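Before any comments, here is the structure.
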Ligand code: GRF
């Protein structure tokens with residue numbers, strides 16, 4: 225049976241960039257693969273293409289420029305009030321380029337997700353694809369994790385592996401990782417929508433068992449591009 229708007233999980237999105245993960249999440253909702261509704265998208269960058277993408281889908285948006293706030297806490301306090309007022313039960317960081325503080329983390333404890341373009345705990349921080357490429361790894365990938373006070377550090381929910389090709393430009397690796405990001409992020413959010421995720425310390429289980437390996441680990445055909 226299709227989910228009605230009242231039993232869809234109300235989610236908020238934080239994004240700073242092009243919004244391809246936002247698109248993937250919105251598509252999954254439209255296609256009935258994700259029982260959620262996006263109640264608000266906030267960007268810290270007025271020029272971010274994701275704002276127009278969300279508006280064209282009729283989603284409420286807000287721009288909150290971090291430069292206008294005295295410190296990180298007051299910026300995060302603004303985010304918390306906006307998302308609480310919008311009724312968001314889960315916050316999804318989709319290419320949000322701002323480090324968040326314990327204020328936001330504790331307001332949405334266990335309900336704040338991020339996606340990182342590497343297999344954590346390797347290559348935390350910016351330019352993860354280039355870091356992986358420069359390091360000469362054979363496999364990289366994407367990680368959906370809960371956010372804690374440290375950057376790219378919280379408990380891991382799902383990962384997808386992507387082969388890294390010797391000599392390949394980091395931009396190509398970035399594109400191939402993105403394909404997997406778009407696959408695993410809506411899937412991870414759906415697990416929350418179904419209330420199937422348990423977290424104990426660093427360990428995340430789904431229905432009390434490990435995340436199915438078939439979903440988590442992929443070695444897709446290499447798309448040249
Ligand atoms: C993605 O690679 C994501 O993993 C990282 O930022 C990028 C956002 O891309 N956190 P997009 O704006 O969703 O296209």
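Residue numbers (my numbering): 225 to 449.
Even for Gly, the Cβ is constructed at its ideal location relative to N, Cα and C.
Please read all numbers here as calculations on a predicted model, not as lab measurements.
- prompt: Cα separation between residue 358 and residue 384?
  reply: 20 Å
Report task. Ignore the nearest five residues each way along the sequence and tell me which others in residue 278's own chain have a CB closer than 7 Å to its CB. Result -> Result list for residue 278: 246, 265 and 285, in chain order.
| task | Determine, using beta-carbon pairs with one atom in the stretch 349-357 and one in the stretch 396-415, whether at least three such pairs fall under 8 Å. | result | yes
- Message: When you compare the CB of residue 341 with every CB in chain D, is at least one pair closer than 9 Å?
- Response: The chain labelled as chain D is not found in the depicted structure, where only one protein chain is given.
Report yes or no: do three or more beta-carbon pairs, one from the stretch 408-425 and one from the stretch 311-318, lie closer than 8 Å? yes
Notebook entry, point to check: Using the beta-carbon count (16 or more within 10 Å), is residue 393 buried or exposed?
Noted result: Result: exposed.
- prompt: Count the other CB atoms within 10 Å of the CB of residue 276; is the residue buried (16 or more) or exposed (fewer)?
  reply: Burial check for residue 276: the Cβ neighbour count within 10 Å stays below 16, so the residue is exposed.
With C-beta atoms as the reference, is residue 321 less than 9 Å away from residue 240?
Taking C-beta atoms as the reference points, residue 321 and residue 240 count as a pair closer than 9 Å.
ask   = In this structure, does DSSP put residue 385 in helix, strand or coil?
value = strand
Quiz item: In or out: residue 248 buried (at least 16 other Cβ within 10 Å) or exposed?
Solution: buried
| request: Reducing DSSP to helix, strand and coil, say where residue 261 ends up. | output: strand
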